[in-house]
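Engineer:
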Amino acid sequence: MNIRKNDMVVVIAGNDADAAKVRKVVRVLPSEGKVVVEGVNRTFKHVRPSKRNMQGGRLSIERPIDASNVLLYCGACKSGVRTGREHLPDGTKVLFCKKCKKAGRAGIIRVLAKAAAPKATK
Numbered sequence: 004m005n006i007r008k009n010d011m012v013v014v015i016a017g018n019d020a021d022a023a024k025v026r027k028v029v030r031v032l033p034s035e036g037k038v039v040v041e042g043v044n045r046t047f048k049h050v051r052p053s054k055r056n057m058q059g060g061r062l063s064i065e066r067p068i069d070a071s072n073v074l075l076y077c078g079a080c081k082s083g084v085r086t087g088r089e090h091l092p093d094g095t096k097v098l099f100c101k102k103c104k105k106a107g108r109a110g111i112i113r114v115l116a117k118a119a120a121p122k123a124t125k
């Protein structure tokens, strides 16, 4: 799963689908293949009054949605895009935008791993 916490995404499927709205990932659940996105799939949790919460009431919380319903946001394209992984000539591993790559622009979304320092030889 290429999506990480604090990534900017676009929801493309479901009740909250809107390709124009860019939203932030709050939490990632890789074992379930789900993500929690800010302001998406909100439900009410009814809380009974207790010693900890004297008032009780209805809390609005965000529930997970399937990771396949979101696309990572590319700042250069200004839209949700499909992504790929690539090794640059200097050895750095990056996550890139497939749309920008076709257009010839540098569409690097995130650096996944820095190039390893060369080992000293005897």
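Note that the sequence shown ends on residue 125 in my numbering; no numbers are left out.
Positions of the beta carbon are idealized from the N, C-alpha and C atoms, including for glycine.
(1) Nearest to E65 by CA position, among G42, K117, A119 and D19, is which residue?
(2) Let me check understanding here. Comparing Cα to Cα, which of P33, R55 and G94 lies closest to L115?
(3) Could you tell me the distance, in whole angstroms, from the CA atom of V29 to the CA atom of A23?
(4) So L91 packs on V97, CB below 8 angstroms; how close in whole Å?
(5) Does DSSP put S82 in a helix, a strand or coil?
(6) In whole angstroms, what is the alpha-carbon distance linking K117 and T124?
(7) Name the residue from A70, L62 and A20 whose alpha carbon lies nearest to the alpha carbon of R7.
(8) From L62 to N44, what distance separates their C-alpha atoms?
(9) Which of helix, strand or coil does DSSP assign to S53?
(10) Using DSSP bridges, identify the partner residues of C103.
(11) Does T86 pass the burial test, meaning 16 or more other C-beta atoms within 10 Å, or should it be called exposed?
(12) Just to check my reading of the structure: D10 and L74 have Cβ atoms closer than 8 angstroms, yes? What is that Cβ distance to the nearest angstrom?
Structural biologist: Result, derived from the coordinates:
(1) G42
(2) G94
(3) Looking at the two C-alpha atoms, the distance is approximately 19 angstroms.
(4) 6 angstroms
(5) strand
(6) 21 angstroms
(7) A70
(8) 14 angstroms
(9) coil
(10) DSSP, once it has assigned bridges, lists no residue as partnering C103.
(11) Counting Cβ neighbours within 10 Å, T86 comes out buried, since at least 16 surround it.
(12) That pair is no contact at about 10 angstroms.
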